[in-house]
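Quick notes on the structure that follows.
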Amino acid sequence: MSLTLDRMRGDIAKLIYLDPEDIGDDDNLADLGLDSMRLMSPVLQWEQGGLKADFGTFAEFYTLGEWWRAVERIQSRTAIAQP
Amino acid sequence: MTTQRPVESAARPLTEAQEGLWFFQALDPSNPILNTGQYLDLTGPLNVAALMSAADQALAQAGALRLQFRQGLSGARQWLAPEPPRLAVVDLSDEADPETEARRRMRADSDRPLDLARDPLAAFALYRLGADRHFLYERIHHLAIDGYGMVLVTNRIGELYSARVTGRMPSDPFPPLDRALEEDAEWRASAKRAAARDYWLGALSGLPEVTGPAPGRAVSGHSFHRESRWLPADLTARLADVAQGTGLMWPDVLTALASAYVARWTVGEAVTGVPFMARMGSKAARVPCMAMNVLPFRCAPDEDAPLAEWLTSAAKALMQGRRHGRYRSEQMRRDLGLIGGARRLYGPLVNVQPFDVAPAFAGLDVRLNILGAGAVDDLTLTFRGDPERGILFEVDSNPALYSPEDARGHADRLPAFLAAALAAKRLAEVPTASPAETAAITRASDATRHTLPDTSLWALLETEMRRSPEAVAITSGDKWLSYADLDFASAALAAQLSRMGAGRDRLVAVALERSADLPVALVAALRAGAAYLPLDPEHPPERLARILAMADPVAVLTSPDLAHLFPADAPLLLTPDWADEGEAPATPPAPGDLAYVIYTSGSTGEPKGVAIEHRAIVNRLLWMRDHYRIDVSDRILQKTPATFDVSVWEFFLPLIAGARLVMAPPGAHRDPSRIARLIRDEGITTLHFVPSMLSAFLAAPQARGLSPRRVFCSGEELTADQRDRFHRTLTAELHNLYGPTEAAVDVSYWPATPDDRSNPLPIGFPVWNTRLEVLDAAMRPVPPGLPGSLYLGGIQLARGYLGRPDLTADRFVSDPARPGERLYATGDLARLRHDGAVVYLGRSDHQVKIRGLRIELGEIESAIMASGLVREAVVLAREDHAGEKRLVGYVVPGAGYEAGVLAQRLASALPAYMVPSAMVALDAMPVTANGKLDRKALPAPVFAAAGRAAEGPTERMLARLYAEVLALAEPAPAEADFFALGGDSLSAVRLIQRIAAETGHDPGLGTVFENPVLAALAEALDQGATDDGLSTAILLAEGDRARAPLFLIHPAGGLAWGYRGLARAIAPVRTVWGLQNPGIDPDREMPDSLRKLAALYVDEVARIAPEGAVHLAGWSVGGILAQEVAVQLAARGRKVGLVALLDSYPADCWRTEAEPDPVMALRALLAIAGLDPDGHPELDSRAKVVAFLRRTDTALGALPERVLDAVIRTVTATNRMIRGHWHRPMPGTLTHIRAGLYHAASDLDAGMWQPWADGLDQLEVPFLHAQMTGPAAVRLIAPALADRMGE
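Okay, here's the thing in structure tokens:
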């Protein structure tokens, strides 16, 4: 599975009872009500879906834009590595 | 690997997160519990070279793994060693059992305490168990890394391994460790930290005293006990559903419910500790380091609220906490002033770790095993995994607080609680006990079922009468009755009673002194089909009249000399008027008819009549006969008043077994020596004691060596001390029975065998067809260990209270688990042991609230008893000043009792709010007419609490120290007298140690002895007084200087400190001085003869009291000296009043004894310290004796070495002086007090003093020589001395 930015936006939005449109790429997600506890379940889901990131990746930065950049990097690496 | 010498500039301070752990480790550097560790169990084809390379790369990238720590000049420092750890590879495949060997090595490594400055804090090893099986072991000290950091490192190794093996690219390496340090510095200075502080101060205001499920101090030991359980799949699925349905996160739901479970064990309000990663939005989120925090979660659930509602509010609180979660819990403790071991911020930990799952290693099956995750103070409840992949539940417990069975209990029970809670609408529906426990309890209850003939007590008696008419049934003094005689007499009287109206459910009152008539009367009443109602002739007539009015008996059987006690219209049938022949009525009782009615005191003041039916008492008696194998050879003593239901089995057990009932003469039940004589003369095999009376009996010399078959105790708590004393004194079985009058005498039993080590002694297991149910407030069975209310069920329950259906309905309730059956609410508190035995905890009205805290007085009493220092203990909550409740303990001291030592033990066993404010020592507990404890007669303690508060720095310091050393509830006032408030020599030594620690100046023991009142001591300190308490004359107690002073002369060691108790008992009528041997001061010379030593004392006396009379006394050596001092004073023309010798004998007795060797002199020290040298043959060297004295907390043990040396030389020198001494006669009377208990050399006699005094006054007290200055002996000796000191 390949995670998309929209997918991430949608999953997060559900958790904090917002519309996906209301979450900008540069909004600080903590300010919007996302805490570490709530973050855990989508991260676990994304991990189970095949994403090779860990919780720490998402803990370090707190905007959707930065998360997406990190995920992109990881996914492209994974793609290159496929034999 | 080389380690360079660390350069100061490369060292950095610790982060806030590390500081808390550093402090913990510094308290006990030998504690390895912070070596957190885990291992991966790798199955499959492992590419070892790839793993080594991956591991080394990962380890090199994690800077924290190179950390070292030490204490610097201005705080702890950390720096990085130059080399990272490398993976060690160990091949164990040739071992017989490679797996066990690997575990052993991992355990050994984890258990090894680290030198944090020199040893690497991280170790990694790969153990090869076989071609396809490896353990990858990781151990990292918690100061370097937390749980999430460990996950980062482990996952990295897996990732790098998989990358090498599959060609996949790994993710970004870790950011550098410096980020963590920078972040910490930013945080410390940030506004967010200040805001977090404000939040927590608000959230934690009014925090209750925090406890956990187990009583006792929660301090982590070096190890923990672990129980692991996988949560069932349906439970985790339900957890996920509930989370979904409520919109909450499943970890929060789990944390809340686990905390609610803990709250069930802490009276409804718990504070659990919730570990928090503290990495959200942090630059250091991906840095392996120590960042985690523990957040307190206050959980006092409203169990009646809808579950979803409560869960949501709990989750909100958790979320709020996380918002401010970087604020350190150690800092919160400091902010709240919770410093000092017993004050806790949180109790058990609830740790939900979704990330603790095995990392992926390409091509391998991986299992993760966590070895240790840090300190375990109390319980740590960990949940690893998530609902999809499965959750492993681990209970880590502190072995000092929880037995393995306790831990297993929680491990099995919590999942059941979670399952039930997730399916419930409200928490109130959820039992604390698991279904398995409830089922086991029900099974155990049902197992007491025992088929019995449905018959009456009369029928059983009749059977015996027919079977052995010639056998002796009853004896009373010289009189005896055979079964045939009993048959005849009871038939006649029954007929007469029948004519008077006796029959079904009618009562026949019986008020008789003990004699053969009494049992005849009871049997006759039963035979007539009536119930008997015993009345106590010692009760006030008014009470008797009230009872007769309520009970309306058809007859009152009594004797002429008692007739006046009854109202004129009472239907008396006096003994001379009893029919002596007649045919028994043909109306025998049916099993459901009343057998007896006994009145007990009601809490509202009116007595209530407990009505017991035949089948109830038949069950009880047949059980007893069968269980204890009572047979025709038994002789059972009847001594308990008939108004106490114990008497019921005393009367009838022999008569239903063909045995002999032996009536004790009236009044004999209160006299231990008479009871002992009866046991001997009558060959008693079976008898009963109320525990208070048992204590008195065991103290009587005549009790020694008796051997009845069995002794039963009931009516109050039987203590472990009483059990042990019993088996030292008698040879017999001892059985503890329990039961209220409302359940046919007794419902449970416990064999208190010589091997039984239970403390407290349980009330044990139920008798036949009886249930003991320990229930919570919702009437559900409680799990083992949790206190509950004791309810009784089964065939022995009374019909009710005569004529009081309201009271009956109040106490006899429907059994919610068994429709149609009743339970009796005892009002007692109890808990179950793991073996199913029931332990009595006290009355539920001994549950008190002090400052909002709920306290079971029974729990404090147990702690006092468990110290082993006292014989008996009772704790009251007294309100001597309006609105101010204080806990006061009353104790009967045992061997080795010292108030200071007990206070210390309690302070370490109980939470601060449960330690009594005062401890009152008594000779014996006051008892009522029935021999039970009389709480109302316990005296109010004397608090020197009146007077002005301490002022000024010195007084305030002392006020605090007095409170600390004496365990007072608040700082002492200025007029507080150290010794009056319970201080003794030992606590005085502690006080000066604390003064020296705080002021840098040691004022010396003598200064405290001379100035025990706080204000005076403060002044003495301000003047720089030093008095080491070794002067020749010390002031022991201040008194009226107009009266002649008393001088107490030292015993063998040369110190007069041990006379403190005696001195204070004599003062304040007169002043009491102690005279001490100059030899105890290492810098002074000793005289070479006893005469010269005495002359020295005479000079002191003359200096202190230049004119007027003086009194003298001395124990042991001091007595010999007293006699010589008296001779010399008289020669100088001084008037000597009392000359008292406490168990001293003339020098002539000792002259032929060999000079004691140094070891004997040392062992004499034990005796001086109040210990019995014969009890310690192993102490045969100076080092051993001194170590023992120090360990057992004696004042001697606290002396500096050179003083101890001086004491030892004084013992030897004085001994030599005595052997060289020749007495001269003294004028006046010599008063001799002999230690009467087991006088070792029994030819020592007071008469030996005859030639050396004009007159001899001989007294004796029942104590050992070594006990003569102890508190118990002082209570007898002080008045005797006081009486003999005229002026």
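So the sequence lines, in the order shown, correspond to chains A and B.
Counting in our numbering, the first sequence runs from 1 upward without gaps.
Counting in our numbering, the second sequence runs from 10001 upward without gaps.
Beta carbons are placed, not taken as given, at the ideal position from N, Cα and C, and that holds for glycine.
Fair warning: this is a prediction, and the values are worked out from it, not measured in the lab.
Task: Proximal chain A residues relative to residue 9975 of chain B, where beta-carbon distance stays under 8 Å - done: Residue 9975 of chain B cannot be examined here, being either before or after the span of chain B that is shown, 10001 to 11287.
Task: Chain-ordered chain B contacts of residue 44 of chain A [CB-CB under 8 Å] - done: In the first sequence, counting from the first residue as 1, residue 44 of chain A sits at position 44. Under the 8 Å cutoff, chain B gives 10354, 10386 and 10388.
Open item on the list: Give me the DSSP bridge partner(s) of residue 10230 of chain B.
Closed with: Residue 10230 of chain B sits at position 230 when you count from the first residue of the second sequence. B:10392, per the DSSP bridge assignment.
- [ ] Identify, in the order they occur along the chain, each residue of the same chain with its Cβ nearer than 6 Å to the Cβ of residue 10439 of chain B, setting aside the five sequence neighbours on each side.
- [x] Residue mapping note: residue 10439 of chain B aligns to position 439 of the second sequence, counting from 1. So no residue of the chain qualifies.
Task: Residue-chain proximity (residue 10229 of chain B, chain A), Cβ-Cβ < 9 Å - done: Reading the second sequence from its first residue, position 229 is the one you call residue 10229 of chain B. It does not; no Cβ of chain A falls within 9 Å.
Open item on the list: Determine whether the beta carbon atoms of residue 10894 of chain B and residue 10860 of chain B lie at a separation below 9 Å.
Closed with: As a first step, residue 10894 of chain B must be located in the second sequence, where it is residue number 894. As a first step, residue 10860 of chain B must be located in the second sequence, where it is residue number 860. In this structure, residue 10860 of chain B does not lie closer than 9 Å to residue 10894 of chain B by Cβ.
TODO: State yes or no: is the beta carbon of residue 8 of chain A nearer than 9 Å to at least one beta carbon in chain B?
DONE: Stepping through the first sequence from its first residue, residue 8 of chain A is reached at position 8. So no, residue 8 of chain A is outside the interface.
TODO: Taking only the alpha-carbon atoms, compute the straight-line gap between residue 10224 of chain B and residue 10133 of chain B and give it to the nearest angstrom.
DONE: Here residue 10224 of chain B refers to the residue found at position 224 of the second sequence. Here residue 10133 of chain B refers to the residue found at position 133 of the second sequence. About 28 Å.
TODO: Name the residue from B:10047, B:10744, B:10737 and B:11080 whose alpha carbon lies nearest to the alpha carbon of residue 10752 of chain B.
DONE: Residue numbering aside, residue 10752 of chain B sits at position 752 when the second sequence is read from its first letter. Here the closest residue by C-alpha is B:10737.
Task: Within-9 Å CB hit, residue 83 of chain A to chain B - done: Reading the first sequence from its first residue, position 83 is the one you call residue 83 of chain A. Residue confidence for residue 83 of chain A is low, a pLDDT of 44 falling below 50, so the modelled location carries little weight; the figure read from the coordinates is stated next. By this cut-off, residue 83 of chain A is an interface position.
Task: Pair within 9 Å by beta-carbon distance, residue 10368 of chain B and residue 10358 of chain B - done: Here residue 10368 of chain B refers to the residue found at position 368 of the second sequence. Here residue 10358 of chain B refers to the residue found at position 358 of the second sequence. Closer than 9 Å, so yes.
Open item on the list: Just to confirm my understanding: we take residue 10881 of chain B, look at its own chain, exclude 5 residues before and 5 after, and list those with CB closer than 7 Å. What are they?
Closed with: For this step, residue 10881 of chain B is matched to residue 881 along the second sequence. Low confidence applies here, because residue 10881 of chain B scores a pLDDT of 47, under 50, leaving its location unreliable; read the following figure in that light. Hits under 7 Å: none found.
Open item on the list: Rounding to the nearest angstrom, what Cα-Cα distance links residue 10729 of chain B and residue 10674 of chain B in this structure?
Closed with: For the purposes of this step, residue 10729 of chain B is identified with residue 729 of the second sequence, where counting begins at 1. For the purposes of this step, residue 10674 of chain B is identified with residue 674 of the second sequence, where counting begins at 1. Roughly 17 Å between the two C-alpha positions.
Open item on the list: List, in chain order, every chain A residue whose beta-carbon is nearer than 8 Å to that of residue 10155 of chain B.
Closed with: Position 155 of the second sequence, counted from the first residue, corresponds to residue 10155 of chain B. Correct list: 54.
Task: Local Cβ density within 10 Å of residue 52 of chain A, reported as buried at 16 or more and exposed below that - done: For the purposes of this step, residue 52 of chain A is taken as the residue at position 52 of the first sequence. With 16 or more Cβ atoms within 10 Å of its Cβ, residue 52 of chain A is classed as buried.
- [ ] Determine the direct distance from the alpha carbon of residue 11219 of chain B to that of residue 11154 of chain B, and round the result to whole angstroms.
- [x] Working through the second sequence from its first residue, we reach residue 11154 of chain B at position 1154. Working through the second sequence from its first residue, we reach residue 11219 of chain B at position 1219. The straight-line gap from Cα to Cα measures roughly 9 Å.
Open item on the list: Using DSSP's beta-bridge definition, name the partner residues of residue 10372 of chain B.
Closed with: Residue 10372 of chain B sits at position 372 when you count from the first residue of the second sequence. Residue 10372 of chain B is bridged to B:10037.
Task: residue 10516 of chain B beta carbon less than 9 Å from that of residue 10476 of chain B - done: For this step, residue 10476 of chain B is matched to residue 476 along the second sequence. For this step, residue 10516 of chain B is matched to residue 516 along the second sequence. Contact: yes.
Open item on the list: Can you tell me whether residue 10141 of chain B is helix, strand or coil according to DSSP?
Closed with: On the second sequence, residue 10141 of chain B is found 141 positions in, with the first residue counted as 1. It is a strand residue.
Open item on the list: Quick check on the DSSP output: the alpha helix (DSSP H) that includes residue 11300 of chain B runs from which residue to which?
Closed with: Chain B is shown from 10001 up to 11287; residue 11300 of chain B falls before or after that span and cannot be answered.
Open item on the list: Run through chain A and tell me which residues come within less than 8 Å of residue 10282 of chain B, C-beta to C-beta.
Closed with: Here residue 10282 of chain B refers to the residue found at position 282 when the second sequence is read from its first residue. In chain order: 59 and 60.
- [ ] May I ask you to report which of helix, strand or coil DSSP gives residue 11149 of chain B?
- [x] In the second sequence, the residue the question calls residue 11149 of chain B occupies position 1149. Helix, per DSSP.
Open item on the list: If contacts are defined as beta-carbon pairs under 8 Å, then residue 11018 of chain B and residue 11038 of chain B qualify, I think. What distance do you get, rounded to the angstrom?
Closed with: Sequence index remark: in the second sequence, residue 11018 of chain B carries index 1018 (1-based). Sequence index remark: in the second sequence, residue 11038 of chain B carries index 1038 (1-based). No, residue 11018 of chain B and residue 11038 of chain B are not in contact; Cβ-Cβ is about 17 Å, not under 8 Å.
- [ ] Kindly indicate if chain B contains any beta-carbon less than 9 Å away from that of residue 3 of chain A.
- [x] In the first sequence, residue 3 of chain A corresponds to position 3, counting from 1. Taking Cβ atoms only, chain B never reaches closer than 9 Å to residue 3 of chain A, which makes this a no.
Open item on the list: Tell me whether the stretch 10279 to 10288 of chain B and the stretch 10430 to 10444 of chain B touch, counting them as touching only if at least three CB pairs, one residue from each stretch, are closer than 8 Å.
Closed with: no
Open item on the list: Strictly under 9 Å for the Cβ-Cβ distance: is residue 10170 of chain B near chain A by that measure?
Closed with: On the second sequence, residue 10170 of chain B is found 170 positions in, with the first residue counted as 1. At least one chain A Cβ lies under 9 Å of residue 10170 of chain B.
Task: Stretch-stretch touch, CB-based, cutoff 8 Å, three pairs: the stretch 10242 to 10261 of chain B with the stretch 10771 to 10782 of chain B - done: no
Open item on the list: Beta carbons nearer than 7 Å to chain A: which residues of the stretch 10254 to 10287 of chain B have them?
Closed with: 10277, 10279, 10280, 10281, 10282, 10283, 10285 and 10286
Task: Collapsed DSSP secondary structure at residue 11068 of chain B in the structure displayed - done: Position 1068 of the second sequence, counted from the start, is the residue given in the question as residue 11068 of chain B. Looking at residue 11068 of chain B - three-state DSSP - the assignment turns out to be coil, as it is neither helix nor strand.
Task: Proximity test, Cβ basis, 9 Å: residue 35 of chain A and chain B - done: Against the first sequence, residue 35 of chain A aligns to sequence position 35. At least one chain B Cβ lies under 9 Å of residue 35 of chain A.
TODO: Would you list the residues sitting across from residue 10613 of chain B in a DSSP beta bridge?
DONE: By one-based count along the second sequence, residue 10613 of chain B stands at place 613. Residue 10613 of chain B pairs with B:10594.
Open item on the list: Please identify, using Cβ separations under 7 Å, the residues of the stretch 10176 to 10190 of chain B that lie next to chain A, in order along the chain.
Closed with: none
Open item on the list: I want to verify the contact list: residues of chain A whose CB lies under 8 Å from the CB of residue 10249 of chain B, in sequence order.
Closed with: Residue mapping note: residue 10249 of chain B aligns to position 249 of the second sequence, counting from 1. By Cβ distance, chain A contributes 37, 38, 40 and 41.
TODO: State buried or exposed for residue 10396 of chain B, treating a residue as buried only when at least 16 other CB atoms are found within 10 Å of its CB.
DONE: Taking the second sequence and counting its residues from 1, the one referred to as residue 10396 of chain B is at position 396. Under this definition residue 10396 of chain B is a buried residue.
Open item on the list: Can you pull the chain A neighbours of residue 10322 of chain B, defined as C-beta to C-beta under 7 Å?
Closed with: Your numbering for residue 10322 of chain B matches position 322 in the second sequence. Correct list: 35, 36 and 37.
TODO: Count the C-beta pairs between the stretch 10321 to 10336 of chain B and the stretch 10193 to 10203 of chain B that are closer than 8 Å, then say yes if the count reaches three, no if not.
DONE: yes
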